Every structure is written in structure tokens, then in C-alpha cells.
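The structure appears below as C-alpha cells.
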Amino acid sequence: MSLQTSSAAPAATFQRDVDATPASAFQPFRFAGAAMDETGRLAAYGAGPAMRRYDEAFDKVVAEVRAAEVPDGSPPAVWFLYNMGVVVKTPRAVFGIDVAHRKGTLLAPLLDFALVTHNHDDHVDAAFLEAMDGAGKTVVSNFFDNYGAFRGGRMPGGYTRGGKAFELGDATVLTASSDHNGYLVDFTLTFEIRVGDWTLYHTGDSANLGKLRPARTPDLWFVHPRCGIDPAEAAQTFHPRRTVLGHTCELGHAKWRWTLADAAEDAGCLRSDGFETMVPLWGDRIQ
205 MSLQTSSAAP
215 AATFQRDVDA
225 TPASAFQPFR
235 FAGAAMDETG
245 RLAAYGAGPA
255 MRRYDEAFDK
265 VVAEVRAAEV
275 PDGSPPAVWF
285 LYNMGVVVKT
295 PRAVFGIDVA
305 HRKGTLLAPL
315 LDFALVTHNH
325 DDHVDAAFLE
335 AMDGAGKTVV
345 SNFFDNYGAF
355 RGGRMPGGYT
365 RGGKAFELGD
375 ATVLTASSDH
385 NGYLVDFTLT
395 FEIRVGDWTL
405 YHTGDSANLG
415 KLRPARTPDL
425 WFVHPRCGID
435 PAEAAQTFHP
445 RRTVLGHTCE
455 LGHAKWRWTL
465 ADAAEDAGCL
475 RSDGFETMVP
485 LWGDRIQ
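For the sequence shown, the tail end lands on 491 under the numbering used here, and the numbers increase by one without skipping.
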């Protein structure tokens, strides 16, 4: 399995640990939250080796976000947290997209705002939302009335069904609605995030290519490649400068747990068309 990642972990070893970790073991671990004691944590690691990787990747991202310097005029630093989760540090802000992790509340103090593509538990965590809202920080989503941000005086929450722009720190966030599948229509938000001349396009679990219409060429496109959109076909329509394939190895999924080999196949199609592509592992710094 040949993948372009920035991780020191071999992809085959990573996949082996994921395959040995059943969703039935992961789910109680995930929803135990950040306060799980050491006995429970070590028991979970024994039940599935990928759960140690999951925790260690989170700790790595938090440490690197704290340490990273992003000077004025530089493009943001970007990390892959887990599943479709991304953390971005700009010269003026730190934000997360689809932070759905058992330790997510520990990330909340570092973030200035958060974006959530849709209300599925592999993309959102209730405790994380409450931590952000309780701290008066903006959460942009299509399902959560973010009164914490309103009390902070910055804006009347971040609720939108799409078609709305948010000015948050040094980022402009453009929202649009997209379909998750044929019956969850307009269930997913896409985010076109501009920081100066740089653009991140995060399309969540979008399945309808016709609704993916970024206004600017994305410098980085973060996409679920097995939800109904052919990434190679999509790349031909809006020509991202770099495509990052996510949503692999989701431990909570027993049925729809896409493998690194699946992503490598899609990456090969993109590269054959001349598009720069990456399949990251949890905790990888993307740029």
C-alpha cells in the first residue's frame, strides 16, 4: 500500500491496527469522554490497538498546534485530527472542522471557533459543542443554535442552512448546502474558508457534485471520497491545487469503514489526471 502521508507510521501497520479494532469496542470508548480514567483507557487499548493511535494522534495535534507559529502573510497550518476532523491555525485564529473525538473538549480552549458539516456522531460531539458554546465561542452548523457566541456579542450564533458568510478572526467562511445522499437532501454544509489569498474547501460527507461550487479555486480540498462524489470527476470541475482524502478508517463504523487502500485507489485516479493528492493518517500535519 503506497500512500503519500507525512506520518512515520507505515500505512499497512496502521490499517492492521484499525482492522483489529471492532466498532463495538470503540463506541463506548469514544463516548466515555475525556475524563476516562487510566484503567479504562488501558483496557480500551487492549480491546483494540487503533484506539491508542487515536488518542496519541489527538495529543500530537494539540501539541503541534500550541507550538506552531504562523507569521503574517503565511498560509495557515493544517492538521488532520480524525475521520473528517481538521484543525487550522492562521496568523490570527485557530479553528476546527468536524471535531468529533472523545477528547475534543480538551481542544476547545485552543479554538476561536468551530465548523460542523452535519449532525452525525462521527462528525460532531455534544460535549464539544457545549464546551464551545459555554465559552461564548462561535460554532457554525445547520443544526445547533450557538447562543454562546451571541452572548459574547460577536454574532447571533452560527446557525445557517447555507448561503451565509461569516467573518471569524482573519477567516471568511462561506457556507453552502449539499446532499449527504439521495434522501438526506441539504443535510450537509460545505465550507469555503478564505484566509487572504488561500482557500480551504471542506465538503464533509457530500454526495452531490452539482452542489459543489466553490467561488475560488481551492488551495486545499478536503473530501470524503466514498460518499457519492468521484473526486477525480470533481477535480476536473473546480481544479483544486491539492486534494486531501479523508473519512478512512472510521472506528465507529462497522459497515462503512473505508480502508486506506480504498483511498489510495481514488488518489491514484486523481494523480493520473495530474492532481496533487494526499491520504493522511490521524495526527498528520497536512501543510
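Virtual Cβ for every residue (Gly too), placed ideally from N, Cα, C. This structure is a prediction, so every number in the text was calculated from the model and none was measured.
(Q) Starting from L424, trace the beta strand (DSSP E) in both directions and tell me its first and last residue. (A) L424 to V427
Q) Can you tell me whether DSSP reads G408 as helix, strand or coil? A) coil
**Q.** E454 burial status per 10 Å Cβ neighbour count (16 or more: buried)
**A.** buried
(Q) Below 8 angstroms, how does it come out for the region 464 to 471 and the region 296 to 307: are there three or more Cβ pairs, yes or no? (A) no
Q) When burial is assigned at 16 or more other CB atoms within 10 Å of the CB, is D477 buried or exposed? A) Exposed, because fewer than 16 other Cβ atoms sit within 10 Å of the Cβ of D477.
Q: Kindly indicate the opening and closing residues of the alpha helix (DSSP H) around R270.
A: A254 to A271
Q.
Spatial neighbours of R446 within its chain, please: C-beta separation below 6 angstroms, excluding the five flanking residues on both sides.
A. L424 and E480
Q. If you run the structure through DSSP and keep just helix, strand and coil, what is K293?
A. strand
Q: Alpha carbon to alpha carbon, how far is P275 from H428? Give it in angstroms, no decimals.
A: 30 angstroms
Q) How long is the line joining the alpha carbons of F233 and R245, rounded to whole angstroms? A) Rounded to the nearest whole angstrom, the CA to CA distance from F233 to R245 is 8 angstroms.
Q | Neighbour-count burial assignment, L241, 16 or more Cβ in a 10 Å radius | A | Here residue 241 is Asp; the residue named in the question, Leu, does not match the sequence. Looking at its Cβ environment, which holds fewer than 16 other Cβ atoms inside 10 Å, D241 is exposed.
(Q) Quick check on S228: does DSSP put it in helix, strand or coil? (A) helix
Q) Considering only residues of the region 359 to 444, which uninterrupted alpha helix (DSSP H) runs meet the minimum length of 4 residues and lie entirely inside it, listed in chain order? A) 435 to 442
Q: Let me know the secondary structure DSSP gives S345 once reduced to three states.
A: strand
Q | Residue range of the beta strand (DSSP E) that includes L319 | A | F317 to L319
Q. Assuming F303 and A318 make a contact with CB atoms under 8 angstroms, what is their CB distance in whole Å?
A. Note on residue identity: the sequence assigns Val, not Phe, to residue 303. Confirmed, Cβ separation roughly 6 angstroms.
Q) So what does DSSP say about D488, is it helix, strand or coil? A) Reduced to three states, the DSSP call for D488 is coil.
(Q) At the level of alpha carbons, what is the spacing between Y351 and A254? (A) Spanning the two alpha carbons is a distance of roughly 36 angstroms.
Q.
Quick check: what's the CA-CA separation for A330 versus V320?
A. 11 angstroms
Q. Nearest-angstrom Cα distance between T441 and E260?
A. 37 angstroms
Q) What is the rounded straight-line gap between the Cα of A229 and the Cα of T376? A) 39 angstroms
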